[in-house]
Structures are given as structure tokens and as C-alpha cells.
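S.K.: My questions will all concern the structure given below.
In C-alpha cells form, the structure reads like this:
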């Protein structure tokens, strides 16, 4: 199957290893990954910070870049949720019915990584190997907007050698929230501190999630505290193989 | 549109900073909200048709709001026919002046109160005090707040920020009838409060209450509470003045079937509410002889005009959203600068009051948009959606507008995004040492930009495709 990768602007710019992991994972499963170079950003930061008009050109460029594809995958629950839950609504509210229609037509073909693997490609065992103690944080938008449920855990459970441990109060928000982390930095840091304490209590070496922006926040704090816990995107663990050729 | 006691509140982030540093407060809140949260989840899980109930509650409210004028006029007609008097108040000042006049006409200088959000919203106690009328709160938690010269910090549990040791101190200090050897045992505290309140109830000639629901087809008003103190207020005095936001009206008695299921399970995690008082006008020889119903607008009509914001008027004040909110649990209720704290307050206060003050302009941003509030809301208010909607209304600082404008410009075009990524990669060494913005870097390391963006890697490895 030919799958278009919406790598997201954050991954493209700061976490390219996640995009590379998605490509290598899909290729290993016998699919073709393509990267439409016209893509940029889903517009979430602008919408959620109160700039819906400025988000509209991104809805437009996203729709143009991906309309021709049968399936689009985003290694980010938050960006996939923005596209699926908001693009058409935003275009309609900004008086762009034509764009709203095109966005609505595209939305159901946009998947978060674990949705693509489990629901579309029908795999839970992706042949990965990762012999480490891992705990998984379900990010808010993947959980409550996309409702991806336990799909990431079902994928992780099939990984060879993994020691998957439950994260206490897993569904609690980590406190990132985009510009919330800056505008309400004290509350954000307090939420993060509690999340970090939960992560440390598991004794995990690796904290995994399906969103690098949340991981950037929790990981930034784990690293500041010299906790020794690494953060890794779900795609990177699923791309890991016994030969150690991490994408 | 005024909430007098909250004038001059600092912005949410500023008020929250103090609360976050108060470890005792955070402990009290985390313990209390965590307990209610788990119990609510169990109570809701018992019902197979919870989602259908939720959808019904939402639709009944939306229908009523769409025909609000009709149902309010019907309510007025029925209450009047049953011997009550209906008053209409456009805003807080009008309501306060009216209620003050009604109390004065009785010749009394004291009133007992059932806990009421609407009277807190208009600052009734303060208005009455100015007119020389003392208002005594009789809800246990509200009493604790009043005796402590404090403000409520939770819709359902106004004294949630206090633990029992602190409550004992307040009673010992402020309650003349409290025994010398009062302990912080919950039942001892409740006994002391009961003794104190009985005297108030037996002496009171006038009561002021709020209302949870009012039924248009019959003119019946309902108060839902857990202690029985409300029922004392509603039945013992000669005059009862009920203040009710206009969005509380329901079309028919049958609609209660839905709301008397979703409200207790969402708020106190009970299957059925302990004290549900319902009355229709006045009754010969039983209960108050005079009944006044004050229908309060105070910004609600304007909220109703906003297609996205109006869903906030579905709220039945259950406080489930507060109990699941990670921001509320850390910042506490006072930081919201309004009798309506938590997620619902963050969308209700700026809409009712307008986004004029510092605190109201900051409230739409007092959320990480995690969506836990929407998930538990029994009337399906999409709080994150309304927050995002209100964020667009807030006038932004010029610096922020500039940064967002520049980011938008770069993110609209792959060519410009690529140029920005090249600049970031070139500045890696510099970025590694960066300690700004401090709002981020004080507690978190910044990510170091990679040598190569994904885009550049793709070009090098897969250039023949796409």
C-alpha cells in the first residue's frame, strides 16, 4: 500500500529520527512510504493559541498536499486530531465552504500511526525487538480526541524482549498543552513534575508516547533532573530490530 | 454583569503561581478531587445507558435554550398562578436592589441562605451587608467559608481547599457555640455546625435560595442538596426569595427523569440525591407564605447569542469537570477569580462578564486542552472547543502577535520552513547553551535541533520518489 507520511513540522524540524522510523517501519512491512514535500504544518499551534485566521492557510496547504492519497499517516496523535477534528470545522467557520468540503473528504483517510498499523494494515506484531524496560504515556489528544485506546499498547506488547510496565495515573495530562507550557509555566511545570515522578516510579529506562511534543516536555524535565530515563516515540521502538538497526 | 468581590483579581497564571507553591493546598486538593473523581467514575459506570442519558440532557437543554423566552413566560405564568411572585433582573445591580427591597419590606435584618451560585455571582451577601442585612450561609461548606472570611473554591465543595484541622481552627475562632474541646473528628465538627445552624433556622423569617431546576409547565422550583440544611431554609421561614439564572428552566416534570440521574452521579457520585426539595408557589398553612422567584439574566442572553459559546449555558453545576481537571488540581479554585472555578468557570466567567479584566482575558488560556472535562461533562459541553473559541476573542500582546505572525509565515510555505530548519541546524551549538525562554527552560531542557531535518534526509535518500 502507498502511504503518504505527514511527518508534522515539529518532527520534521526537531525529531527527524521519528519520521525516519516511520519510513523504515512501513518499508519493512512491505509498504511504500512517500513524503509529499509541499507539506508544512497542521496549524494547531495557531488555532489553539487564538489565531484561527492564521491557521487557515495551513489547512489549505495540508489539504492540497495530501488530497491525492489513499492513506495518510502522522506520527502524532495531536496533529492527526487537529486534521480530523478541526480542519473542516475551522474552514467552515472561517467562511470557506469549498475548503471545508475537501478537508472533510480527506479527514477519514488521515491516521495516527497506531491506527494505521492496527486498523488499516491489520498488524500488531510488526517484528520489532527492543529489550528494554519501557513505560507508555497515552497523550491526551490521542486518547480523548482520536480515541486510539490501547492500540499502541497492543503494538508494544508484541515487541520482542520488551519489559512493558504500567505508568501510574497514565491518562493524566503531562502539562504540555502547546503554548500553555509557556503561558502557564508554573502549573505546567507542576503537572510535569507529577508525571515525571510517575515515570520514575516505574523504574523504566524508556518513556514512550505517540507525540513528540509531549515527550519534549516530559523529556526536557527528565533530562534536567539527570534521571537517566530516555524518551522515545512509539515509531522508534516499533522500528527497532534485533540487528540493532534503529531507523 | 458585575461580580463585586472579584474586582481587581490578578491574571490566572499569577494567582496560580502562589497556589502551586502552597504544598498543603495542593495536598488537600489532590486528595479531595482524586477521591470524588474515582467515585464518580464508578457511579457512572453502573449505568448502561449513560451516553444516552448524556445526549438527552444535552438535547433538552439545547431545546430549552432555543425557546428560552417561551419557557420563561410559561414559568412566570404558572408560578404566579400558584401564588408566587416572579421578578426579572437584567444584571447584578438590578437583582441586588430588588432582593434588598424584598427583604426590607419584611422588616427583617437577617436572612438564612441555601448555597447558591447565582447569589455569589451577583455578590448578594455584600450588597445586603451594605443595606444592614446579615446573610447567614447554612450549607456546611459554605458556612466554613463564610466563618473563615474566605472565598469558595469549588462549586460543590466550596471549602475543598481546607482540611479538617483547618476547619476545627475556624470553628473554634468564629463559632461562639463551639465546645472548648472540639476535635477535628468529622462528626464532632458536623455536630458543632448543626447546633450553630439550628439557632439560625429557628430564628429566621426570610430565606434566600438558588435553584437547580424550574419546571415551566407546572411552575415548580427544585433545590438539590445533600445535608437537609437547604430544606430547613426552604420550609421554615415565612418569606422565601429564590434567585435563579434564566438557563435553569426545564420544559416538563418528565425532564427531571434525566437530570435527577445525571446530576447526583456526576457531582457527589450518588445514585440518588439525598434531599430534593420541590415546591410550587405557596401552600396554605405549610412552608413560606411569600415566595419570590428572581429570574436573573446577568449576561446570559448575550452568551446565548454566541453559537459556539452558548453550550456553556447547559451547565448544571455538577463540578465533575473540576474534579478531573489537572489544572484545577494544581491551581485551586481561587485562581479563577470567580465563583465559577475550574474548566466550566474558564468558559463561563469570561462570557458572563466579558473579556475586559486581566483575569477574564487569561481564563481561556488556563487549560492544557487535555479534554478530561469534556469527557465527564453530563451535558456534553465541549469545553476545549469553547476555550479555543474564546482564545481568538482575546486581544493579544504585540510581541506574541509578531511571533505568531512570523511563525505562520514560515509554516505556510515548505521553502520557508526549509530555510528555518537550516538556520536551526546551523545554530545547534548555540541552541545547546540556550536558557530561554525561561518559562520553558527554568524547569526543562530545550531540545537541540538535529544536524539534518527530516525533509533534508528524505531528499538525500528518497529523492527519486513522491
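Chains as they are written, first to last, in our numbering: chain A, -3 to 243; chain B, 26 to 491. For glycine and all other residues, C-beta sits at the position ideal for the given N, C-alpha and C.
1. Please check if any C-beta of chain A sits within less than 8 angstroms of the C-beta of residue 479 of chain B.
2. Looking only at its own chain, which residues have a Cβ that is under 8 angstroms from the Cβ of residue 436 of chain B, when we skip the five neighbours before and after it?
3. For the alpha helix (DSSP H) containing residue 442 of chain B, name the first residue and the last one.
4. Looking at chain C, which residues of the segment 158 to 169 of chain A have a Cβ within less than 7 angstroms of any of its Cβ atoms?
5. Run down chain A in chain order and give the residues with a C-beta less than 9 angstroms from the C-beta of residue 487 of chain B.
6. Say whether chain B places a C-beta atom closer than 8 angstroms to the C-beta of residue 5 of chain A.
7. So the candidates are B/276, B/407, B/364, B/293; which of them puts its Cα closest to the Cα of residue 103 of chain B?
8. Can you name the residues of chain A whose CB is closer than 8 angstroms to the CB of residue 446 of chain B?
9. Excluding five sequence neighbours on each side, which residues of the same chain lie with their C-beta closer than 8 angstroms to the C-beta of residue 72 of chain A?
10. Give me the chain B residues within the contact set of residue 50 of chain A, using Cβ-Cβ distance strictly less than 8 angstroms, ordered along the chain.
11. Are the C-beta of residue 83 of chain A and some C-beta of chain B separated by less than 8 angstroms?
12. In chain order, what residues of the same chain have a beta carbon less than 6 angstroms from the beta carbon of residue 368 of chain B, not counting five sequence neighbours either side?
13. In its own chain, which residues sit with a C-beta less than 6 angstroms from the C-beta of residue 78 of chain A, not counting the 5 before and 5 after it?
14. For the segment 388 to 412 of chain B, which residues have a beta carbon sitting closer than 8 angstroms to at least one beta carbon of chain A?
15. Drop a sphere of 10 angstroms on the beta-carbon of residue 141 of chain A, count the other beta-carbons inside from all chains shown, and report buried for 16 or more, exposed for fewer.
16. Check this for me: beta carbons of residue 87 of chain B and residue 339 of chain B, under 8 angstroms apart or not?
17. Give the single residue among B/403, B/471, B/434, B/460 whose Cα lies nearest to the Cα of residue 70 of chain B.
18. Here's a check: name, in chain order, each residue in its chain whose Cβ is nearer than 8 angstroms to the Cβ of residue 104 of chain A, leaving out the five neighbours to either side.
19. Can you tell me whether residue 315 of chain B is helix, strand or coil according to DSSP?
20. Determine the direct distance from the alpha carbon of residue 216 of chain A to that of residue 331 of chain B, and round the result to whole angstroms.
21. Please say whether residue 125 of chain B and residue 147 of chain B have beta carbons closer to each other than 8 angstroms?
22. In the segment 35 to 47 of chain A, which residues sit with their C-beta less than 9 angstroms from some C-beta in chain B, listed in chain order?
23. When you check each C-beta in the segment 328 to 362 of chain B against every C-beta of chain A, which residues fall closer than 7 angstroms?
24. Would you say residue 69 of chain B reaches chain A, if we count a Cβ-Cβ gap shorter than 8 angstroms as a contact?
25. Buried or exposed: residue 424 of chain B, going by 16 or more other Cβ atoms within 10 Å of its Cβ?
26. Quick one: what's got a C-beta closer than 6 angstroms to residue 472 of chain B's C-beta in the same chain, skipping five residues either side?
27. Rounded to whole angstroms, what is the Cα-Cα separation between residue 238 of chain B and residue 302 of chain B?
28. Compare the Cα-Cα distances from residue 9 of chain A to each of B/480, B/488, B/114 and report the closest residue.
29. Take residue 452 of chain B and list the residues in its own chain whose beta-carbon comes closer than 8 angstroms to its own, dropping the five residues that flank it on each side.
30. Counting only beta-carbon separations shorter than 8 angstroms, does residue 207 of chain A have a partner in chain B?
31. Could you have a look at residue 47 of chain B and say whether DSSP puts it in helix, strand or coil?
32. Give the DSSP bridge partners of residue 5 of chain A, in chain order.
33. Compare the C-beta of residue 242 of chain A against all C-beta atoms of chain B and say whether one is closer than 8 angstroms.
34. Only counting the same chain, and skipping five residues up and downstream in sequence, which positions put a Cβ closer than 8 angstroms to that of residue 333 of chain B?
35. In this structure, how does DSSP classify residue 244 of chain A when only helix, strand and coil are distinguished?
36. Below 8 angstroms, can you find three or more Cβ-Cβ pairs linking the segment 156 to 173 of chain B to the segment 123 to 139 of chain B?
M.R.: For this structure:
1. yes
2. 442
3. 439 to 451
4. Among the protein chains in the structure shown, which are A and B, there is no chain C.
5. 19, 29, 30, 31
6. yes
7. B/276
8. 8, 9
9. 4, 6, 7, 108, 206, 207, 208, 209
10. 429, 430, 433
11. no
12. 346, 350, 398, 408
13. 38, 40
14. 389, 390, 391, 392, 393, 394, 395, 396, 397, 399, 400
15. buried
16. yes
17. B/403
18. 80
19. strand
20. 40 angstroms
21. no
22. 35, 36, 37, 39, 41, 42, 43, 44, 45, 46, 47
23. 351, 352, 355, 356
24. no
25. exposed
26. none
27. 11 angstroms
28. B/480
29. 474
30. no
31. coil
32. Paired residues: none, contrary to the question.
33. Its pLDDT being 47, under 50, residue 242 of chain A is placed unreliably by the model, and the measurement read from it follows with that caveat. No, because no Cβ of chain B sits closer than 8 angstroms to the Cβ of residue 242 of chain A.
34. 410, 411, 414
35. A question about residue 244 of chain A goes unanswered here, because the residues of chain A that appear run from -3 up to 243.
36. yes
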